[in-house]
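These protein sequence lines are chains E and U, in that order.
Per our numbering, residue 196 is the first one in the first sequence, and the count goes up by one each step.
Per our numbering, residue -16 is the first one in the second sequence, and the count goes up by one each step.
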Amino acid sequence: MPKCPNPECGHDNVDGTQFCEMCGEELEQDAAAPVVVGDTVFCPKCNAANAADNVACEACGADLPQSDAPDADVASAPAPENEPAVASAPDTAEPQSDEDDASQNQVDAAPVPDAPAGPKLEPGQVKLSVEQGMVTGKQYVLGDPEMLVGREDEDEEIYPDIDLDDQDEGYVHRRHATLKFDDGQLTVTHLGGGNKTRINNRPIPDNEAQPLKLGDKVSFGKVVLRVLPNA
Amino acid sequence: MADVLSIRTGLDKEFRPTRGDFLQTLMIELSPGRGMRTLPLNLGILLDVSSSMQGAKLENAKKACIFLLQQLSPQDRATVCTFSSGAQTVVSPQLFSESVQVASTQAIENLRCTGATELLAGLDQVYKEIAPHQSAEVTSYIILLSDGEPTDSQGYIDDDYAKFLDRAGNEFEKSGISLSTIGLGSATDFNAAFLRDLADRASGKFLMAPRPEDLQETFEEEFGRIRSTVLSEVTIEINRLNGRVRRFWRVVPDKKMFDPPKENNGSITIPVGALQLDQPQAYVADIVTRAPDEPVERGLLCQVAAITENDGVSQRSEGNVLISYSDNEVELSQRNQEVVRLLQEANDYKLQIDLESAVQSGDRRKMTGILERKKKMTQRLGKTSATKVLENMEDTLESGGHISPDDLAVSSIETKKTKRLA
Chain E
196 MPKCPNPECG HDNVDGTQFC EMCGEELEQD AAAPVVVGDT VFCPKCNAAN AADNVACEAC
256 GADLPQSDAP DADVASAPAP ENEPAVASAP DTAEPQSDED DASQNQVDAA PVPDAPAGPK
316 LEPGQVKLSV EQGMVTGKQY VLGDPEMLVG REDEDEEIYP DIDLDDQDEG YVHRRHATLK
376 FDDGQLTVTH LGGGNKTRIN NRPIPDNEAQ PLKLGDKVSF GKVVLRVLPN A
Chain U
-16 MADVLSIRTG LDKEFRPTRG DFLQTLMIEL SPGRGMRTLP LNLGILLDVS SSMQGAKLEN
44 AKKACIFLLQ QLSPQDRATV CTFSSGAQTV VSPQLFSESV QVASTQAIEN LRCTGATELL
104 AGLDQVYKEI APHQSAEVTS YIILLSDGEP TDSQGYIDDD YAKFLDRAGN EFEKSGISLS
164 TIGLGSATDF NAAFLRDLAD RASGKFLMAP RPEDLQETFE EEFGRIRSTV LSEVTIEINR
224 LNGRVRRFWR VVPDKKMFDP PKENNGSITI PVGALQLDQP QAYVADIVTR APDEPVERGL
284 LCQVAAITEN DGVSQRSEGN VLISYSDNEV ELSQRNQEVV RLLQEANDYK LQIDLESAVQ
344 SGDRRKMTGI LERKKKMTQR LGKTSATKVL ENMEDTLESG GHISPDDLAV SSIETKKTKR
404 LA
């Protein structure tokens, strides 16, 4: 019988309750242990098979536990063998709150990588392809020198260049990040919201342009995209 | 039947343990058939003409009221009643031909302000006028406008709110007449929570017009919604229930908390009112489900039916809700995110009610705790405007101030909003 963690309440709720019936406090759910087989991790929520480096389940979008991967080009590095891909217990069924994420902001921020070597990138030569999201395979060509990534909000008159509204369930902020071409280099800047922008699974600091190179995996909230050449 | 009304159900947790009581949330989505014809109106407008309405408030109310009557078609019926110290019928219920339009406009132009805010007399008057014309073939709605707290005939505030709520609730359940409320001016004057609850009880909507010049737009907004009604008296039935319903909410298109449903021989009947054109509605029920008597893998939780009447023919759409039993941790931890999100929306509304209660009690510590939880919820739901309002309240409390009725009213309206289902 889950007891409400709110010290002023402490109500004994019926098993299965997700929010305390008396005070609305979120109750801790019994999270199932994730099942990891080789390079495959099974979603603790829906049991779907995912690649071990997925940050979110491809079937239901739930958080997946992350490996202690290096911050360098994870996407192109071979997956370590015989090593557990799980660093910690998964989140419960509830999506991670902005606040929870924000509290980790300082400690989790990725170190600023060195300037990437590689071809010069110009508008129109690069695209982002959705690898994890509601519509996988959808592509966004980066055709402008600077583009806003976020979710459309008619009330606030926010119309991002890359609108991810149809890709997730509210984890992408309305003004989430900007992508910018500058002197042959593509950068991404997280605009400060609690649900982070990540490069190769690592959160980046707020309001600091971070270089992106071809093959990188960039995540906005729970939507994961691959940086690809636009042939 | 699929053309008139369809029903879809889902559980937040498909699996439950094989032993003990367990709480599961059932989603019931009702969708009217696409492109159905809208129903003629049986409309009552109830205007507050107490002395506080003097000046721009009354003039704008007249303008909004006349504008609304001008939108009516010849098959629509309407009545206009007023209340102050007592109540009267200004425009008797009639079909709105052109000649009626002219006469009604004149009658409304002649309205004058005086006296108290005897709302109960006003409600009695308008119900008396429109009840005889109610049927499943029309949509019966009352739009109430007031700028102050209800009073008795002497002008003393009448805060026995229960009797107003019961009056509106009983009339809705008995005759299917819905009531929407519009608060004019500052929420410090008209008690937003009361007007919201009044609308909730009668399956209507609460709106605010902070300035008199906002009135026409507010009337128009609600009139547009009422106008698009395609089914007027819809009832949800839950039968053969293997458990008990603890709470029942509407969460789409806006939120309403129902009284705990009463069970009768394993059946529950809940009148839910009108459905608008191409606008699905979603409800959630918290159900304490029981363990099976014998080991089984799957069983019936309940049968859910939606009942209405269309073109004089009773229509029924129903479906079975099944649950699976398991003690496998992975299966038990599965969640249907669509239902979980609706549940979060419902809990957000509960926190709003708790917040209002804490503000009323003056318990600042309680207010702070609820604000913290509610802010977390609105952030999770991606409701930026609602979060901003809560942050303002937190700042007010931190600086030693008091949460204003206006802030609370805005928070209530923001909390009521939910995204339509895809």
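C-beta: ideal position from N, C-alpha, C; glycine also.
By the C-beta density criterion, tyrosine 124 of chain U is buried, having at least 16 other C-beta atoms within 10 angstroms.
Note on the region 90 to 133 of chain U: whole alpha helix (DSSP H) runs with a minimum of 4 residues are 102 to 113, in chain order.
The C-beta of glycine 328 of chain E comes no closer than 8 Å to any C-beta of chain U. A straight line joining the alpha-carbon of glutamine 71 of chain U with that of lysine 146 of chain U spans about 20 Å. A Cβ-Cβ separation of about 6 Å places isoleucine 396 of chain U in contact with methionine 191 of chain U under the 8 Å criterion.
DSSP links serine -11 of chain U through a beta bridge to U/Ser14. Counting along the chain, the unbroken beta strand (DSSP E) around cysteine 64 of chain U starts and ends at 60 to 67. The region -15 to -2 of chain U makes no contact with the region 316 to 327 of chain E: fewer than 3 CB pairs, one atom from each, lie closer than 8 Å. Threonine 21 of chain U counts as exposed, since fewer than 16 other C-beta atoms from the protein chains shown sit within 10 angstroms of its C-beta. For the 8 Å CB-CB criterion, leucine 178 of chain U and arginine 150 of chain U do not form a contact.
Below the 7 Å Cβ cutoff, chain E contributes Asp210 as neighbours of glycine 3 of chain U, in chain order. The beta carbon of threonine 370 of chain U sits closer than 7 Å to the beta carbons of Lys358, Thr361, Gln362 from its chain, once the five residues preceding and following it are set aside; these are given in chain order.
Within the same chain, and ignoring the five residues on either side of threonine 134 of chain U in sequence, the residues whose Cβ sits closer than 6 Å to its Cβ are Ala99, Thr100, Ile140, Asp141. Beyond the five residues adjoining it in sequence on each side, tryptophan 232 of chain U comes within less than 6 Å, by CB distance, of Met240, Val267, Ala329 in the same chain, given in chain order.
With three or more CB-CB distances shorter than 8 Å, the region 151 to 162 of chain U counts as touching the region 245 to 260 of chain U. Proximity to lysine 412 of chain E across E/Ala404, E/Phe214, E/Leu423, E/Asn395 peaks at E/Asn395, based on C-alpha coordinates. When DSSP states are grouped into helix, strand and coil, glutamine 262 of chain U belongs to the coil group.
When DSSP states are grouped into helix, strand and coil, glycine 152 of chain U belongs to the helix group. Below 8 Å, too few C-beta pairs join the region 69 to 89 of chain U and the region 11 to 18 of chain U to call them touching: fewer than three. Leucine 326 of chain U belongs to the set of residues whose beta carbon lies under 8 Å from a beta carbon in chain E. Per DSSP, the continuous beta strand (DSSP E) segment holding lysine 322 of chain E begins and ends at 321 to 327. Rounded to the nearest whole angstrom, the CA to CA distance from isoleucine 306 of chain U to proline 275 of chain U is 10 Å.
Using a Cβ-Cβ distance cut-off of 8 Å, the region 222 to 230 of chain U and the region 163 to 176 of chain U are not in contact, since fewer than three pairs of beta carbons, one from each stretch, lie closer than that value. Check the Cα spacing between valine 422 of chain E and each of E/Gly332, E/Asp363, E/Glu220: the tightest is with E/Gly332.
Taking a beta-carbon distance threshold of 8 Å, phenylalanine 415 of chain E does not count as an interface residue toward chain U.
Contiguous alpha helix (DSSP H) elements confined to the region 287 to 367 of chain U occur at 312 to 315, 320 to 344, 347 to 363, taking only those with 4 or more residues. By the criterion of a C-beta distance shorter than 8 Å, aspartate 183 of chain U is surrounded in its chain by Phe189, Lys239, Met240, once the five residues flanking it on both sides are discounted. Interface flag for cysteine 199 of chain E against chain U is unset, since no Cβ pair is found closer than 8 Å. For glycine 207 of chain U, no beta strand (DSSP E) encloses it; the enclosing alpha helix (DSSP H) starts and ends at 198 to 210. Residue range 226 to 235 is occupied by the beta strand (DSSP E) that includes arginine 227 of chain U. With respect to the 8 Å criterion, alanine 288 of chain U and asparagine 222 of chain U are classified as neighbours on the basis of their beta carbons. Leucine 198 of chain U is classed as buried because its beta carbon has at least 16 other beta carbons within 10 Å across all chains shown. Counting other Cβ atoms within 10 Å of its Cβ, tyrosine 332 of chain U reaches 16 or more and is therefore classed as buried. In this structure, leucine 354 of chain U and glutamate 339 of chain U do not form a Cβ contact; the two beta carbons are roughly 12 Å apart against a cut-off of 8 Å. Classified as buried, alanine 265 of chain U has 16 or more neighbouring CB atoms from the shown chains inside 10 Å of its CB. Annotation for phenylalanine 189 of chain U: the continuous beta strand (DSSP E) segment containing it runs 189 to 192.
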